[in-house]
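Read through the structure below, which is laid out as structure tokens, and then see the notes.
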Amino acid sequence: MVDLAMHMMDIVQNAVRANATKIDIGFLEYSRDATLTFSVNDNGSGMTPETVEKLEDPFFTTRTTRRVGLGVPFLKMSSEQAGGSLKVVSSPGVGTRIEAVYRTDNPDCLPLGDLAGYLVLLLVANPGIRFSFRYKMDENEFSLDTGEWTEQGITEFSK
3 MVDLAMHMMD IVQNAVRANA TKIDIGFLEY SRDATLTFSV NDNGSGMTPE
53 TVEKLEDPFF TTRTTRRVGL GVPFLKMSSE QAGGSLKVVS SPGVGTRIEA
103 VYRTDNPDCL PLGDLAGYLV LLLVANPGIR FSFRYKMDEN EFSLDTGEWT
153 EQGITEFSK
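The opening position of the sequence shown corresponds to residue 3 in the numbering used here, with each subsequent residue numbered one higher.
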């Protein structure tokens, strides 16, 4: 994966496959600390502690369509190469939180990529899921919540 937008798409697709109905995506960047934290929280099926332990193994996957699962191992590798870390917390029946921290002053820190474009794809492809998205850089912040849109009667995101 060449940028964080691709990682976002991959991790969110995992949440969709886990039957999440609410997915929260966050990017928190602090220039003073030179850190960027990317997180995805979902209320999907969750994972057992045994499954969480196996996530870093590229030859482990719960999918039946292929024998490898590279998304989480690549996310871990990219965050660690940039001087950061990866943390996964999950509970069966509750959901999952994945948090990757990057050092933005590290030359191996991935670029953001097309966050807006990938976010639009996720919204259009998954109209039944409530998404919240937050990007914060120091004191500046952008956020959206599709639940607020549906409360206003907006239910079609593809037109």
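Even glycine gets a Cβ: it sits at the ideal position worked out from N, Cα and C. All values derive from a computational prediction rather than experimental measurement.
Residue i in three-state terms, based on DSSP
i	result
Leu112	coil
Val103	strand
Asp12	helix
Gly119	helix
Val4	coil
Strand pairing of residue i, partner residues [DSSP]
i	result
Ala139	Note that residue 139 corresponds to Met in the displayed sequence, not to Ala. Met139 is bridged to Glu31 and Asn142.
Asp147	Ser134
Backbone CA spacing between residue i and residue j [nearest angstrom]
i	j	result
Trp151	Met10	22 Å
Gly46	Thr106	30 Å
Leu117	Glu143	14 Å
Ile156	Phe29	25 Å
Ala129	Pro109	What sits at residue 129 in the sequence shown is Pro, not Ala. One C-alpha to the other measures close to 37 Å.
Gly73	Asp12	6 Å
Glu58	Phe76	9 Å
Ala36	Ile100	20 Å
Leu125	Leu114	19 Å
Lys89	Leu38	14 Å
Asp26	Phe135	6 Å
Arg132	Gly119	18 Å
Thr148	Val122	11 Å
Leu112	Gln154	37 Å
Gln83	Arg34	20 Å
Local Cβ density within 10 Å of residue i, reported as buried at 16 or more and exposed below that
i	result
Ala7	buried
Gly86	buried
Tyr32	exposed
Ala17	buried
Met49	buried
Asp44	buried
Phe40	buried
Ser81	buried
Val42	buried
Gly95	exposed
Ser145	exposed
Val4	exposed
Ala127	exposed
### Task
Could you tell me which uninterrupted alpha helix (DSSP H) segments, each at least 4 residues in length, are contained entirely in the segment 15-97, listed from first to last along the chain?
51-56 and 73-83
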